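When we follow full-length UniProt numbering, the leftmost residue of the sequence shown carries the number 1, and every step to the right adds one.
For glycine and all other residues, C-beta sits at the position ideal for the given N, C-alpha and C.
Given the structure is predicted, the values throughout are model-derived calculations rather than measurements.
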Amino acid sequence: MIPWLEIDTPFPDVSKALTVEAPGLLAAGADLSPARLLQAYRNGIFPWFSEGQPILWWSTDPRMVLYTDQFKVSNSLAKTLRKIERSRLDGGRWDVRFDSAFDDVMRACAAPRRDGPGTWISDEIIAGYTGLHALGYAHSAEVWLDGELVGGAYGVCIGRMFYGESMFARVSDASKVALAYLVAFLRRHGVDMVDCQQETGHLASLGAAPIPRSRFLEHVHRATARPGIGSWTVTSPLPG
1 MIPWLEIDTP FPDVSKALTV EAPGLLAAGA DLSPARLLQA YRNGIFPWFS EGQPILWWST
61 DPRMVLYTDQ FKVSNSLAKT LRKIERSRLD GGRWDVRFDS AFDDVMRACA APRRDGPGTW
121 ISDEIIAGYT GLHALGYAHS AEVWLDGELV GGAYGVCIGR MFYGESMFAR VSDASKVALA
181 YLVAFLRRHG VDMVDCQQET GHLASLGAAP IPRSRFLEHV HRATARPGIG SWTVTSPLPG
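Listed below in structure tokens is the structure:
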């Protein structure tokens, strides 16, 4: 059994998370207010639930993370990044921005995928993270082509810790482009780790790897205690 959280109930210790039936499941209930979400992320906990379910809170072990100095850029992605960076600087067809269309990025991430149903990103989730965005904690990276949003990613940043949430692409590699710009920005501002939450082959192909939850939490507690980044301004993801 997992505990039910009322609005003012604190989270249980993450060591209480299930290990067999639903590995990582810690609790249910509470709300998605900014205060609750910030409390969760500072303790290595994240919400994940489907439409019609109560709010479910998770703390997986091991934890999938991406160290920003280990992000893998394939030759084809590097070629795409060079093309887009030239276009961005010259006012061409391509552009990359941060935080100019946060709600649109979330809704695009929530849309049904070509090979399956919609994601877990419900209106309730969108409202919660929009609240964090208004407070300066949630951010989006956006890829634009001819003025249209064609790819993006969003997540939460507390201190110098970034928690990745979701990505989308409407043209080939657009989500990887958004992630490349995001990771480059984070690395330049002293963010060493991106939380990827759960293991997938796609994340592994980009350089992410699982680490013990205990090591993850040690890093989270140090990184979230540091000052925030401040202004989010797009810079080149290319070396040099």
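Under 9 Å between C-beta atoms of residue i and residue j
i, j, result
"Leu-77", "Val-177", "yes"
"Pro-237", "Arg-160", "no"
"Gln-198", "Gly-29", "no"
"Asp-195", "Asp-69", "no"
"Gly-152", "Ala-108", "yes"
"Pro-34", "Gly-128", "yes"
"Cys-157", "Ile-45", "no"
"Val-14", "Ser-59", "yes"
"Ala-180", "Val-65", "no"
"Leu-182", "Ala-141", "yes"
"Val-220", "Tyr-41", "yes"
"Glu-218", "Trp-120", "no"
"Glu-124", "Leu-32", "yes"
Per-residue burial, residue i [other beta carbons within 10 Å of its own, 16 or more giving buried]
i, result
"Ser-231", "exposed"
"Met-1", "exposed"
"Leu-135", "exposed"
"Pro-212", "exposed"
"Pro-239", "exposed"
"Gly-190", "exposed"
"Ala-111", "exposed"
"His-202", "exposed"
"Glu-148", "exposed"
"Leu-89", "exposed"
"Val-20", "exposed"
Enclosing alpha helix (DSSP H) for residue i [first to last residue]
i, result
"Val-191", "No alpha helix (DSSP H) contains Val-191, which DSSP labels as neither H nor E."
"Arg-213", "213 to 224"
"Glu-85", "75 to 90"
"Ile-126", "123 to 134"
"Tyr-137", "Unbroken run through Tyr-137: none, as it is neither H nor E."
"Leu-203", "201 to 205"
"Ala-35", "34 to 42"
Presumed contact (8 Å Cβ cut-off) between residue i and residue j, rounded CB distance
i, j, result
"Leu-18", "Arg-93", "Their Cβ separation, rounded to whole angstroms, is 49 Å, which puts Leu-18 and Arg-93 out of contact at 8 Å."
"Leu-186", "Phe-168", "Leu-186 to Phe-168, Cβ: 19 Å. No contact."
"Thr-235", "Ala-184", "7 Å"
Span separating the alpha-carbon of residue i from that of residue j
i, j, result
"Pro-12", "Arg-86", "49 Å"
"Ser-166", "Arg-36", "20 Å"
"Met-106", "Leu-56", "19 Å"
"Pro-54", "Trp-4", "10 Å"
"residue 245", "Lys-72", "With the chain represented from 1 up to 240, any question about residue 245 goes unanswered, as that position is not in the structure."
"Gly-164", "Ile-126", "15 Å"
"Phe-102", "Arg-215", "31 Å"
"Ala-174", "Ile-84", "10 Å"
"residue 277", "Asn-75", "Summary: the structure shown does not reach residue 277, with the chain confined to residues 1 through 240, and so no result is reported for it."
"Gly-131", "Gln-39", "14 Å"
"Ala-10", "Thr-80", "Reading off the sequence, residue 10 comes out as Pro, not Ala. Going by the C-alpha atoms only, they are around 46 Å apart."
"Tyr-137", "Ala-22", "29 Å"
"Glu-6", "Ala-225", "27 Å"
"Asp-99", "Ser-122", "20 Å"
"Arg-188", "Ala-223", "15 Å"
"Pro-47", "Gly-91", "39 Å"
Residue range of the unbroken beta strand (DSSP E) whose run includes residue i
i, result
"Leu-18", "No beta strand (DSSP E) contains Leu-18, which DSSP labels as neither H nor E."
"Ala-27", "25 to 29"
"Ser-166", "161 to 169"
"Met-64", "63 to 67"
"Ala-110", "Per DSSP, Ala-110 belongs to no beta strand (DSSP E); it is in the alpha helix (DSSP H), 102 to 110."
"Gly-152", "148 to 158"
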